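Contents: one structure, followed by commentary.
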Amino acid sequence: MQELAGAWEALKFGGVMVYPLLCLGALAFVIILDRAVTYRRTLRLSRSLLELVETYDFSWSDLEKQLETLSPANAYRRFLQVIAANREQPAWWVEARAGDEAGSIEKVLGRGLWVLETVVTAAPLMGLLGTITGMMQSFKVIGASSLVAPTQVTAGVAQALIATALGLLIAIVALFGFNFFARTQSHALDRMERLGSRLIDHIRLDQENGGADASARIAAVPGREGRGR
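Position one of the sequence shown corresponds to residue 9 (our numbering), numbered consecutively onward.
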């Protein structure tokens with residue numbers, strides 16, 4: 009508690025810019041925490057499901073059983089279920105529906121990341137503004153009298169340094185958070201695209217085999233060859 013109290017007393021020397029910077033820091037922390045919880049809940053993919061899709065030779069019933077084990081909010085379940093539920097439709101139609109669902113998932117995963125990106129840019133600038141106001145205070149004390157008050161001068165310098173350091177610290181934390189979540193989102197979408205391609209190929213193969221079986225059944229009808237002539 010004494011260390012926290014000492015840190016708070018030190019921050020007070022940073023001047024008025026400390027308060028908006030602390031608000032930015034709190035906002036960035038909330039966004040990072042929210043994204044961490046969301047990504048952990050929605051981007052979990054079991055190895056058994058991954059191996060099942062990668063084999064190509066799987067039954068749709070097995071796939072549906074694997075998808076049922078995932079949370080309804082799971083991004084992979086949402087994406088793959090759209091493809092599995094529409095497997096009787098033409099492949100191009102399924103691809104369009106899958107693309108729409110991927111866009112919706114991307115919006116959910118990217119929610120709030122623009123705030124982190126803004127904090128990365130705004131925090132150093134606000135810290136720089138605190139630096140300027142602190143140095144202006146020091147110059148004002150020096151210019152107001154021929155006698156220099158060391159405590160007042162150092163107070164302005166402290167205000168400048170604290171605001172700058174706080175702004176850079178907040179920007180660095182927000183930058184690491186933004187890059188991590190952006191990279192995780194990109195990796196997840198790439199994996200969804202790859203798994204979706206596997207399912208679309210499976211649908212095309214089923215449809216080709218279904219068409220070939222239908223042609224064979226027509227050709228096997230008695231008297232079909234004679235009627236064709």
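Even glycine gets a Cβ: it sits at the ideal position worked out from N, Cα and C.
Note that the coordinates shown come from a computational prediction; the quantities given were computed from them, not determined experimentally.
Can you tell me whether residue i is helix, strand or coil according to DSSP?
i, result
"E109", "helix"
"L155", "Its pLDDT being 48, under 50, L155 is placed unreliably by the model, and nothing is read from it."
"Q97", "coil"
"A171", "helix"
"S194", "helix"
"S205", "helix"
"V214", "Residue 214 is actually Asp in this sequence, not Val. The answer is helix: DSSP assigns D214 an H, G or I state."
"P132", "helix"
"A92", "helix"
"N82", "coil"
"R119", "coil"
In its own chain, which residues sit with a C-beta less than 7 Å from the C-beta of residue i, not counting the 5 before and 5 after it?
i, result
"V123", "L35 and I39"
"P132", "G175, L176 and A179"
"E103", "I208"
"G33", "I178"
"V181", "A36"
"A2", "No information on residue 2 is available, as it lies outside the stretch 9 to 237 that the chain covers here."
Name the two residues that bound the continuous alpha helix (DSSP H) containing residue i.
i, result
"D42", "V26 to T50"
"R55", "R55 to E62"
"D70", "W68 to E76"
Could you pull out every residue in the same chain whose Cβ sits closer than 8 Å to the Cβ of residue i, ignoring the five residues on either side in sequence?
i, result
"F186", "L121, L124, E125 and V128"
"A83", "T50, L51, I113, V116, L117, A196 and M200"
"A92", "W68, L71, E72, L75 and L207"
"V134", "Before going on, a small fix: residue 134 reads as Met here, not Val. Correct list, in chain order: M25, P28, L29, L32, A171 and G175."
Within its chain, find whatever has a CB closer than 6 Å to the CB of residue i; leave out the 5 residues flanking it on each side and keep chain order.
i, result
"L155", "Note on L155: pLDDT 48, under 50, position unreliable in the model; no value is reported."
"R95", "I211"
"L183", "V128"
"F66", "L60"
"A99", "I208, I211 and R212"
"R85", "L75 and L78"
So residue i and residue j are in contact, right, with Cβ under 8 Å, and what is the actual spacing, rounded?
i, j, result
"S79", "R49", "7 Å"
"V204", "A81", "With the sequence shown as reference, residue 204 is identified as Gly, and Val is not the correct amino acid for it. Rounded, the Cβ-Cβ distance is 19 Å, inconsistent with contact."
"E72", "V90", "In fact, because the Cβ distance is near 13 Å, the residues do not count as touching under 8 Å."
"T192", "Y47", "6 Å"
"G138", "M25", "3 Å"
Taking only heavy atoms of the ligand MN into account, decide whether any of them is closer than 7 Å to the Cβ of residue i.
i, result
"A171", "The ligand MN is absent from the structure shown, which contains no ligand whatsoever."
Using a Cβ-Cβ distance under 8 Å, would residue i count as near chain C?
i, result
"G185", "No chain C is part of this structure, which consists of one protein chain only."
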